[in-house]
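Plus 38 on top of the position in the sequence shown (first one is 1) and you've got our numbering. Working notes, beginning with the structure itself.
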Amino acid sequence: MSADSARRVEVYPGREVVVEFDPDLTFECVEECTWCCHHGVLLYDRDLLELAQRATLAETTTDFRGEKFVTREEKSRDDHVGEDGHACAFLRDDGLCTLHLEEDWKPTRCSVFPLGVWLDEGDLHVDIRESAHDHCDGLDVSDRRVIDNLEAFLPELLWELENPDSDRVL
Ligand code: SF4
Ligand code: SF4
């Protein structure tokens with residue numbers, strides 16, 4: 039999408055985002071697909087505090103390039119895993135997220151996917167992640183326009199971060 043077609047949307051009072059994807063794009067997560075849970079998820083500081091109340095950090099998080107991520111672990115199953123047989127420590131055998139299911143909570147980055155965010159000259163920008171175009175089964179399969187539901191993808195915390203850039207993976 040060109041800069042001309044980007045548009046500003048107020049997601050929370052006084053919290054705007056510059057939308058860089060097609061406003062007609064729709065999304066609905068597809069149950070059988072767990073692709074975005076095959077990777078280690080970056081944890082912002084506040085996520086880490088929240089996670090500490092729900093899990094043992096020493097067992098479920100790892101350090102990478104000075105940042106904290108949810109650990110990927112080897113699974114004893116063939117589905118809901120990446121090519122190397124690993125997936126997020128919280129991804130259950132049935133493809134559901136333990137945190138989401140039992141704690142009604144998940145890390146910020148899990149809400150953001152399949153979107154990607156970054157800061158540019160003080161503005162928060164949002165687009166579809168490059169990898170999502172190739173792997174996310176939920177794009178354009180429903181009537182739910184992403185642009186009308188941005189608060190479901192973008193926790194308000196993102197506007198308070200020095201570096202919300204989602205282009206950091208384990
Ligand atoms: S924490 Fe849950 S939603 Fe996030 S990647 Fe892991 S299994 Fe998926
Ligand atoms: S890759 Fe897309 S469709 Fe698949 S689980 Fe993640 S958000 Fe849902």
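Built from N, CA and C at the ideal position, the CB exists for glycine as well.
- The beta carbon of F128 is closer than 6 Å to those of C135, T136 and L137 in its chain, skipping five residues each way along the sequence.
- Rounded to whole angstroms, the separation of the alpha carbons of N187 and V179 is 15 Å.
- Taking a contact as a CB-CB distance under 8 Å, the pair P202 and L177 does not count as one, their CB atoms being some 22 Å apart.
- In the same chain as L86, and ignoring 5 residues on each side of it, the C-beta atoms closer than 6 Å to its own belong to K106, in chain order.
- Cβ contact annotation for G154 (same chain, cutoff 6 Å, sequence separation greater than five): D165, R167 and S204, in chain order.
- At a threshold of 7 Å, P193 does not count as near ligand 1, since its beta carbon sits no closer than that to any of the ligand's heavy atoms.
- The closest heavy atom of ligand 1 lies 7 Å or more from the beta carbon of V119.
- About 6 Å separates the beta carbon of R84 from that of L195, a gap short enough to meet the 8 Å contact definition.
- Residue pairing of K106 in beta bridges, as defined by DSSP: D101.
- Judged by beta-carbon spacing, T72 lies beyond the 8 Å limit of H124, meaning their Cβ atoms are not closer than that value.
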